Amino acid sequence: MVAEFFDIGRSRSLPWARRPQAAALLAALADPDREFDAIVIGSSERAFRGQQFATMAPLFAHYGVAVWLPELGGPADPALTEHDELMVLLGILAKREVARARIRARTAMTVQARDQGRYLGGRPPYGYRLVDVGPHPNRAMARRGVHLHALAIDPATGPIVQWMFAQRLTGHSKARITRALNDAGIPSPGMTDPERNPHRHGTRWTLTAVRAILANPRYTGRQVWNRQRTDHVLLDPDNTTLGERDVMRWNPREEWVISHYPAHPALVSEMDFVRAQSVRATVQVPGRTYRLAGMITCGICGRRMESCWVHQHPAYRCRHGHSSATPPDTTGPRNAYVREAQIWAVLPALHLRLTDTRADTPSAEEAAAYLREHQIGLTFDPATRTVTARTPGRERMHLG
Numbered sequence: 007m008v009a010e011f012f013d014i015g016r017s018r019s020l021p022w023a024r025r026p027q028a029a030a031l032l033a034a035l036a037d038p039d040r041e042f043d044a045i046v047i048g049s050s051e052r053a054f055r056g057q058q059f060a061t062m063a064p065l066f067a068h069y070g071v072a073v074w075l076p077e078l079g080g081p082a083d084p085a086l087t088e089h090d091e092l093m094v095l096l097g098i099l100a101k102r103e104v105a106r107a108r109i110r111a112r113t114a115m116t117v118q119a120r121d122q123g124r125y126l127g128g129r130p131p132y133g134y135r136l137v138d139v140g141p142h143p144n145r146a147m148a149r150r151g152v153h154l155h156a157l158a159i160d161p162a163t164g165p166i167v168q169w170m171f172a173q174r175l176t177g178h179s180k181a182r183i184t185r186a187l188n189d190a191g192i193p194s195p196g197m198t199d200p201e202r203n204p205h206r207h208g209t210r211w212t213l214t215a216v217r218a219i220l221a222n223p224r225y226t227g228r229q230v231w232n233r234q235r236t237d238h239v240l241l242d243p244d245n246t247t248l249g250e251r252d253v254m255r256w257n258p259r260e261e262w263v264i265s266h267y268p269a270h271p272a273l274v275s276e277m278d279f280v281r282a283q284s285v286r287a288t289v290q291v292p293g294r295t296y297r298l299a300g301m302i303t304c305g306i307c308g309r310r311m312e313s314c315w316v317h318q319h320p321a322y323r324c325r326h327g328h329s330s331a332t333p334p335d336t337t338g339p340r341n342a343y344v345r346e347a348q349i350w351a352v353l354p355a356l357h358l359r360l361t362d363t364r365a366d367t368p369s370a371e372e373a374a375a376y377l378r379e380h381q382i383g384l385t386f387d388p389a390t391r392t393v394t395a396r397t398p399g400r401e402r403m404h405l406g
């Protein structure tokens, strides 16, 4: 054995090209001076899922590398029908085992959160800290030194959360609360615990952070799980061999798992939490429809463009992070602005480019439905007045 390739913490659903160690093995295959002529697979269930072996077999054959599998006790020969059928069966079994393991894990976590109020991991919400509550109830895990943890009020940040709810209940807007936190120099969640928040680089409070805190029911003392889920979305619907990407989405409230009883100290009463959700509720203005809401990203800063109503017409704008919660920035780029009608007019032609079809030209409604169905977003560049589809082909359309 001259080399070892082992991916840790990578889903078997990923194609080899997107697994770091497997990708390194692919690169080694293409090296004419490689020191091996065979690959020994330790676990075919971890190496190949679904149709992955059928996809990779021609590549192994092209480079003249044999693949040894434990189930065969020797090298696989794709030319043999029996070997090919066995690998298909193993791929199906691996895929089924992933689904079964997911169901078992979700069932166990539902019971632990709902009936036991157990803390299930992840970052503690701002305002709380983790405390050790003793050995794990499972004896085997306890013997390995595993302990349970629970949430306790953080004396430094807990009062900030209580103040935020108090301000909201007096009628203050979320933007006003955000501005007050920044003016007072209160460290943002990312600054308070940078090690547990590596994804947060900002030093100031944002509307998004304030909104998330005021909407988090865990501050009532109840344990809450399954607020979000991870969906696996194809990178390119026209090329399924590229695999999938993980997309985090919010679950409907009826799917949240909430403990039957308080599991940790509360920072706000349940009654006040419910009241805070209805303070100054946004009133929907009849007749205002934004058909491309959530689909357009700013080409300058990468933020999602917000819907706005200008001169009786729908439009989209980006203020590059500026809001009523932050002081104006006179040195930054100008606001990006585009009318919905301008993008709407080029959607049929964009649909034809994306589908490469010679069928009848679709309507703009059909094109927009296609984009949403395949989760294809658009990027607007105010300098060139173009919209670009966020696909591997990066199809670009000029606006009139």
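For the sequence shown, our numbering begins at 7 and goes up steadily by one. Quick reminder that beta carbons are idealized off the backbone N, C-alpha and C, glycines included. Because the structure is a prediction, the values reported are computed rather than measured.
- Task: Classify Asp160 as buried or exposed, calling it buried when 16 or more other Cβ atoms lie within 10 Å of its own Cβ.
- Result: buried
- Nearest residue (CA-CA) to Val137, options Gly127, Arg145, Pro143 and Asn144: Gly127
- Mind checking whether the beta-carbon of Thr176 lies closer than 7 Å to any heavy atom of the ligand NAP? The ligand NAP is not among the ligands present in this structure, which contains no ligands whatsoever.
- Same chain, Cβ closer than 8 Å to Asp43, neighbours up to 5 away in sequence not counted: Gly70, Val71 and Ala72
- Query: To which residues does DSSP link Phe386 through a beta bridge?
  - Reply: Cys304 and Val393
- Task: Give a yes or no on whether the C-beta atoms belonging to Tyr376 and His357 are separated by under 8 Å.
- Result: yes
- Under the three-state DSSP convention, the category Val263 falls into: Of the three classes helix, strand and coil, the one that applies to Val263 here is strand, per DSSP.
- Item | Three-state secondary structure assigned by DSSP to His68 | helix
- Same chain, Cβ closer than 8 Å to Tyr225, five either side skipped, listed in chain order: Pro131, Gly133, Val167, Phe171, Ile219, Ala272, Leu273, Val274 and Phe279
- For the alpha helix (DSSP H) containing Pro26, list its first residue and its last residue. Pro26 -> alpha helix (DSSP H) spans Pro26 to Leu35.
- Reduced DSSP category for Arg4 - H, G, I as helix; E, B as strand; rest coil: In the structure as shown, the chain starts at 7 and stops at 406, and residue 4 therefore has no counterpart that could be examined.
- Query: With distances taken from CA atoms, which of Tyr125, Gln58, Pro84 and Pro81 is nearest Ala100?
  - Reply: Of Tyr125, Gln58, Pro84 and Pro81, the residue nearest in Cα terms is Gln58.
- Query: Mapping DSSP to helix, strand and coil, what is Glu379?
  - Reply: helix
- Task: Kindly list the residues whose CB is nearer than 6 Å to the CB of Cys88, restricted to its own chain and excluding five residues on each side of it in sequence; keep chain order.
- Result: Checking the sequence, you will find Glu at residue 88 rather than Cys. The beta carbon of Glu88 sits closer than 6 Å to none of the beta carbons in its chain outside the five residues before and after it.
- With a Cβ-Cβ cutoff of 8 Å, do Ala156 and Val139 count as a contact? yes
- Message: Whole angstroms are fine: how far does the CA of Phe12 sit from the CA of Glu103?
- Response: Glu103 and Phe12 have their C-alpha atoms spaced approximately 20 Å apart.
- Query: In this structure, does DSSP put Leu298 in helix, strand or coil?
  - Reply: coil
- Message: Among His270, Val344, Arg145 and Trp211, whose alpha-carbon lies nearest the alpha-carbon of Ala119?
- Response: If we check each option's Cα against that of Ala119, His270 comes out closest.
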